[in-house]
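Numbering (this note's numbering), first residue to last: -1 to 506.
Working notes, beginning with the structure itself.
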RNA sequence: GGCGCAUUCGUCUAGCGGCCUAGGACACGUCCCUCUCAAGGACGAGAUCACGGGUUCGAAUCCCGUAUGCGCUACCA
């Protein structure tokens, strides 16, 4: 196997980097429930770590006090765990490179910023956000590229002191070179080049003492010995800033691999307005974690020209950055549903029943007594397993097994090419014959009913259709005999009598 | 506007110069199976490989340009 066969080496040639152990990280910002796009990036990182025997690190980038959302870290870990993406270092598991919350590493960033200022690679900026906003609007109006105008770039220490004595809290900006270019070889996208003149003096340290993503990720990736940064493609434009900082700090940068984005149906970056975006919502909508793992991995990655269903083990065994695509992909719900059906059908019956149970408890009509009888549920589940695509739809499929009173429109009892009287007759005769049947086993039911259809001058399908509706109140159900068998003699007979009574009230 | 990236069936993709009159999957259509619904099987429709130039004996594959789309352009990540 040659994981990065196609990547011409520029980093590989550098002494010491080639045999470095793989250390990758997933560094989400705790701003809400984990989105599928971010989770996919986490997966690719995890996959590379597991494939190479490396280390997968979870680091929380909580550097934006204003966007922090309570409980978000728990949600993120919950999503990761649900998919089986275990981390070797990070919250709750610790590690030698902690703390793994950036809000607890402030001194490190401040120290780096101070050093860069001392070296002359960064400077204090006292411009107010109002001024900056005005400047931007002006630039846009004049069709100039927006960017900091570097007003504070050459303030003297004395001027700085004066501003500060006036109560101004500065930010620290990076002093971007005014010439030259910054380039890197992305493991997925290949060579990417930026003119330094197109990069503005970005903020590294905010006035509240917190770092921006740019500074924090560089400092931490270095401190945590990250070997590969796999992150969303939307970061590609920021990469030269990071590279510039590595250079100023005298650090060797990690290797970069940007993965393409997951798009909404309108081809724009997937966001809340596209509907379900959190991995946890997919869980709640009845998708299996193995489905999500398989499906998400195959958005942007492929094994070959035909593999669609692939296990986690095979994914780990075969994963490589080289087989990553570079185009954004729309999340195809129909295909997800199909794949979930495939995985559901592959579940052992008891496993299926076990996974459905919580959905049943939640979704069955409130009139149904809880807790559900596990053995009864286990008998029903095989009848619907191959018919379900999402766990959430099972309740609707098996409702009639639990409910006391069926609700349906009586004329529905009348099958194709039949009328009220033939249906009445079919029901009457069936009922009387069935009453004499002591054991409602599948085989006996079939042995009785099939010949009966002929005797009544009906096609088997017609009789079965009448009985199906009578006994379930539905026109689409699992096979009749199995259904009746599980329902049991008493309930079937009772429902047949009810059906008869209902149909009699229908005028002909 | 600037910069960056991308561009193969509706969608997800295979394709690394000849195997491609472009393969697979979802969805779709027809048929088979069948007590309904599924599942399964068979078949089919669906892509002038964004467009235009090159390079080459030969290009979906390499190069250039154009178009379109997306991303970034915050004291967000």
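Just so it is clear, CB atoms sit at the ideal spot from N, CA and C, and this is done for glycine as well.
query: Counting only runs that start and end within the stretch 355 to 380, where is the alpha helix (DSSP H) found for 4 or more residues in a row?
result: none
field: Supposed close pair residue 485, residue 426 - CB separation, criterion 8 Å
entry: Not confirmed; about 20 Å, so no contact.
query: residue 401 by DSSP, collapsed to three states: which one?
result: coil
query: If you follow the alpha helix (DSSP H) that residue 255 is part of, which residue opens it and which one closes it?
result: No alpha helix (DSSP H) contains residue 255, which is instead part of the beta strand (DSSP E) from 253 to 257.
- prompt: Cα separation between residue 120 and residue 240?
  reply: 13 Å
task: Along the beta strand (DSSP E) that carries residue 193, what are the first and last residues, could you check?
output: 188 to 193
task: Use the C-beta contact count for residue 222: other C-beta atoms within 10 angstroms, 16 or more gives buried, fewer gives exposed.
output: buried
- prompt: Is the CB-CB distance between residue 515 and residue 39 below 7 Å?
  reply: Because the chain in this structure spans residues -1 to 506, residue 515 falls outside the shown range and cannot be described.
- request: Could you please give me the residues that DSSP links to residue 169 through a beta bridge?
  value: 123
- request: Could you tell me which of 152, 464, 382 sits nearest to residue 408, measuring between CA atoms?
  value: 464
query: With distances taken from CA atoms, which of 208, 393, 178, 496 is nearest residue 467?
result: 496
message: Here's a check: name, in chain order, each residue in its chain whose Cβ is nearer than 7 Å to the Cβ of residue 252, leaving out the five neighbours to either side.
response: 219, 224, 225, 226, 227
- prompt: Looking at the structure shown, is residue 440 part of a helix, part of a strand, or coil, going by DSSP?
  reply: helix
query: Since residue 329 and residue 34 are thought to touch, with beta carbons under 8 Å apart, how far apart are those beta carbons, to the nearest angstrom?
result: 7 Å
- prompt: Beta carbon of residue 347, beta carbon of residue 369: below 7 Å?
  reply: no
- prompt: Hey, which unbroken runs of the alpha helix (DSSP H) at 4 residues or more fall wholly within the stretch 62 to 114?
  reply: 70 to 80
query: Using a Cβ-Cβ cut-off of 7 Å (strictly less than) and excluding sequence neighbours within five positions of residue 180, which residues of its own chain qualify?
result: 192, 194, 238, 241, 242
- prompt: Quick one: what does DSSP say residue 225 is sitting in, helix, strand or coil?
  reply: coil
field: residue 484 (DSSP reduced to helix, strand or coil)
entry: helix
message: Nearest by alpha-carbon distance to residue 80: which of 60, 32, 457, 145 is it?
response: 32
task: Check residue 21 in the structure and name its three-state DSSP category.
output: strand
query: Beta-carbon separation of residue 270 and residue 259 under 7 Å?
result: no
query: When the distance is taken between beta carbons, is residue 288 closer than 7 Å to residue 254?
result: no
Three or more C-beta pairs below 8 Å linking the stretch 294 to 313 and the stretch 411 to 422: no
- prompt: Of the residues 168, 177, 176, 412, which one's Cα is nearest the Cα of residue 505?
  reply: 412
message: For residue 305, count the other beta carbons within 10 Å of its own beta carbon; 16 or more makes it buried, fewer makes it exposed. Which is it?
response: exposed
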